[in-house]
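Residue numbers (our numbering), protein chains in the order written: chain A, 12 to 577; chain B, 351 to 509.
Worksheet for the structure shown next.
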């Protein structure tokens with residue numbers, strides 16, 4: 012077999028069903044072989060960044076690694092943002108890049124880039140294949156690394172001559188990397204100790220993140236929360252770990268978290284962190300974060316422990332294994348948490364999430380809440396980055412895990428559309444919905460072609476306020492209302508016409524009534540993507556808000572608009 | 351506090367870059383780093399000298415472990431160990447100073463590795479502290495050039 016044939020044979024062995032890719036000179040042989048490959052679907056993107064976000068959207072929605080195939084040089088460098096995004100959010104991804112022939116590497120050859128050097132700090136690991144004999148083992152290792160322990164992106168660089176060379180195919184059944192031995196099973200004594208402490212706590216709080224979703228541990232988490240009546244607050248990536256409308260769900264915590272979730276953090280006597288990393292958007296000022304609480308921290312990555320916040324009981328290991336262990340080791344005695352839950356309910360009533368609305372204008376909050384209602388919280392929701400992203404966390408009541416696909420760590424505008432496309436390839440039994448702002452939509456709008464061409468039943472909901480809304484919010488609150496280069500009113504295109512030109516169904520909604528109808532139509536349409544532009548008001552802000560670097564007890568609840576209940 | 355960390359790594363291209371890049375990306379101090387093959391040609395030993403409080407050193411050790419190409423990470427600081435550094439130093443030489451220079455070389459158990467009419471290159475091996483002292487003591491003669499190897503270290507054998 013030649014290198015290209017070995018390549019596809021390896022992907023088959025790894026059960027790959029989709030590749031998101033774009034051909035080019037260094038990959039000609041690979042694409043020649045691909046021409047006759049029938050059992051792996053290649054999705055042609057329109058920009059390599061789109062391919063990476065699609066692969067990540069697919070990975071987060073399905074739990075399987077996302078696969079990217081791009082050419083050398085610019086094809087490879089265009090993947091950098093998407094790889095970084097996957098690295099920050101711990102998404103399993105394997106990126107294959109073409110490379111100039113081995114004998115030209117280092118010569119500044121045409122379309123040469125040192126992509127292995129460039130991506131070293133943004134991949135879990137990366138490889139340059141120098142000999143076709145190493146190809147199968149390298150691919151095996153790449154998949155193993157991407158999906159084991161804390162997931163992440165792995166890059167494999169494929170020189171053109173390697174893909175042309177012949178060798179006997181041998182699939183390594185066994186793979187071992189001596190420098191990579193993640194702790195999956197947590198230390199028994201630590202788990203037993205944690206179980207005892209959890210059973211005794213008077214005001215416990217579960218703080219859960221993407222690790223619970225990645226390890227498919229929601230059943231265990233929900234069981235623990237319900238058995239002991241422990242309230243649960245989730246990070247951006249943890250949403251869906253417990254149903255958003257469950258009385259024990261406090262919603263998201265942190266900068267744009269709910270008032271009652273942050274109050275619960277400040278007042279709990281035990282904080283049980285599972286698969287979360289004490290990110291600065293969660294903790295605010297670390298010195299004042301959960302100061303009254305004994306802290307248990309379960310994480311599969313030991314570097315996350317004591318990185319931002321020092322904890323009392325670290326438990327390294329897989330979230331599912333940890334939660335199973337806790338459930339097994341729980342003492343029979345139970346503390347009554349009704350007073351604690353009552354206190355939290357008081358905070359919930361004191362400062363509920365709210366917005367005002369009238370019949371003639373639209374707000375993003377309303378649109379998201381309406382979509383949540385019409386989909387019963389069961390859609391796979393992808394967001395872009397900014398205000399609409401935070402409102403999604405507040406007003407979409409996620410019922411299931413793997414339901415929010417969003418750029419958390421890196422905050423990549425332009426992530427939304429391609430990630431939603433990737434998710435729509437992977438998930439067919441639930442509606443796929445994208446919430447996107449007018450800024451981010453323009454950043455990868457070319458991928459609309461991909462959605463149209465493959466007739467993907469994706470609902471694209473554009474929340475158009477003609478502003479870079481989140482930046483505008485900060486400018487209004489902290490930068491003397493100097494709206495420096497955030498007003499897009501004069502430069503935005505007519506989105507409905509643009510989208511129609513791509514061959515996509517498109518509607519515009521300007522009132523709540525129109526919005527309701529448009530959402531219904533979009534959700535009922537399954538012959539391809541359906542786009543709705545919601546013309547939402549400009550001057551709207553996401554509250555509550557913890558200013559950057561402040562304590563999470565210092566929340567801005569609502570500074571300009573009168574507080575009104577819906 | 352100063353720490354000496356010994357790291358066994360895969361002897362592959364790019365490994366040194368991975369380690370050094372991790373230090374710079376995370377803002378860790380990197381005082382010296384030296385690397386060479388071990389008795390097993392597939393494995394190299396890196397000796398890293400760094401500074402930080404306990405929390406930072408802990409992070410450094412964990413971040414080093416997290417790299418796929420690191421096989422073993424040992425903080426030698428608080429266990430019996432031997433650390434050495436090699437100094438090559440070229441000094442100005444004149445009739446009036448040569449006697450004193452040769453005496454000092456003897457004090458530091460150094461070696462003359464090259465000598466010309468107006469310059470002399472010496473070699474001194476020792477702990478990083480001794481190397482610092484050596485340099486200080488020779489400074490008045492006029493140092494033309496210095497090359498230091500960085501620290502290499504091993505823990506003391508068990509038997």
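Where is the CB? At the ideal position from N, CA and C, for every residue including glycine.
- For residue 321 (chain A), a Cβ of chain B is located within less than 9 Å of the residue's own Cβ.
- Within a 10 Å sphere around the beta-carbon of residue 263 (chain A) sit 16 or more other beta-carbons, which makes this residue buried.
- Residue 122 (chain A) sits in coil when the DSSP states are folded into three classes, being neither helix nor strand.
- Within chain B, the C-beta atoms nearer than 7 Å to that of residue 191 (chain A) come from 418, in chain order.
- Taken through DSSP and simplified to helix, strand or coil, residue 414 (chain A) comes out as coil.
- Ranked by how close their Cα comes to the Cα of residue 418 (chain A), the residues A:12, A:452, A:248 and A:148 have A:248 in first place.
- Between residue 343 (chain A) and chain B, the shortest Cβ-Cβ separation is not below 9 Å.
- Chain A has no Cβ within less than 9 Å of the Cβ of residue 503 (chain B).
- Residue 298 (chain A) sits exposed, since fewer than 16 C-beta atoms from the chains shown fall within 10 Å of its C-beta.
- By the criterion of a C-beta distance shorter than 6 Å, residue 166 (chain A) is surrounded in its chain by 106, 130, 134 and 137, once the five residues flanking it on both sides are discounted.
- Around residue 174 (chain A), the same chain offers 14, 15, 40 and 41 as residues with beta carbons nearer than 6 Å, after the five sequence neighbours per side are excluded.
- Contact between the stretch 93 to 103 of chain A and the stretch 497 to 508 of chain A is absent: fewer than 3 CB-CB pairs across the two stretches fall below 8 Å.
- For secondary structure counted as the alpha helix (DSSP H) over 4 or more consecutive residues, the stretch 484 to 543 of chain A holds these complete runs in sequence order: 506 to 512 and 523 to 535.
- In the three-state DSSP reduction, residue 155 (chain A) falls in the helix class (H, G or I).
- Between the beta-carbon of residue 87 (chain A) and that of residue 108 (chain A) there is about 4 Å, and that keeps the pair under the 8 Å contact cut.
- Out of B:491, B:378 and B:419, the CA that lies nearest to the CA of residue 451 (chain B) is found in B:491.
- Residue pairing from DSSP leaves residue 58 (chain A) without any beta-bridge partner.
- Under the Cβ distance rule, residue 135 (chain A) counts among the residues neighbouring chain B, one pair being separated by less than 9 Å.
- With a 10 Å radius around the Cβ and a threshold of 16 neighbouring Cβ atoms, residue 487 (chain B) comes out exposed.
- Only residues of its own chain outside the window of five on either side were considered, and among them 396 have a CB closer than 7 Å to the CB of residue 422 (chain A), listed in chain order.
- Annotated three-state conformation of residue 14 (chain A) is helix, per DSSP.
- Excluding the 5 residues flanking it on each side, residue 181 (chain A) has same chain C-beta neighbours closer than 8 Å at 147, in chain order.
- Residue 511 (chain A) and residue 459 (chain A) have their C-alpha atoms spaced approximately 10 Å apart.
- Residue nearest to residue 271 (chain A) within the set A:363, A:158 and A:194 is A:363 (criterion: CA-CA distance).
- When DSSP states are grouped into helix, strand and coil, residue 392 (chain A) belongs to the strand group.
- In chain order, 270, 566 and 568 place their CB closer than 6 Å to the CB of residue 555 (chain A), counting only its own chain and leaving out the 5 sequence neighbours on each side.
- For the stretch 365 to 380 of chain B, the beta-carbon criterion of a distance under 8 Å to any beta-carbon of chain A is satisfied by 367, 368, 371, 372 and 375.
- Among the CB atoms of chain A, none fall inside 9 Å of the CB of residue 361 (chain B).
- Residues of chain A whose Cβ lies closer than 7 Å to the Cβ of residue 405 (chain B) are, in chain order, 317.
- Rounded to whole angstroms, the separation of the alpha carbons of residue 122 (chain A) and residue 152 (chain A) is 27 Å.
- Listed in chain order, the non-local C-beta contacts of residue 429 (chain A) below 6 Å within the same chain comprise 61, 64, 65, 455 and 458, local neighbours out to five positions each way being set aside.
- For residue 362 (chain A), DSSP assigns no beta-bridge partner whatsoever.
- Scanning its chain for C-beta atoms nearer than 6 Å, with the 5 sequence neighbours on each side dropped, one finds around residue 288 (chain A) the residues 315, in chain order.
- Around residue 516 (chain A), the same chain offers 541 as residues with beta carbons nearer than 6 Å, after the five sequence neighbours per side are excluded.
- Interface annotation, residue 88 (chain A): not in contact with chain B, CB-CB separation never under 9 Å.
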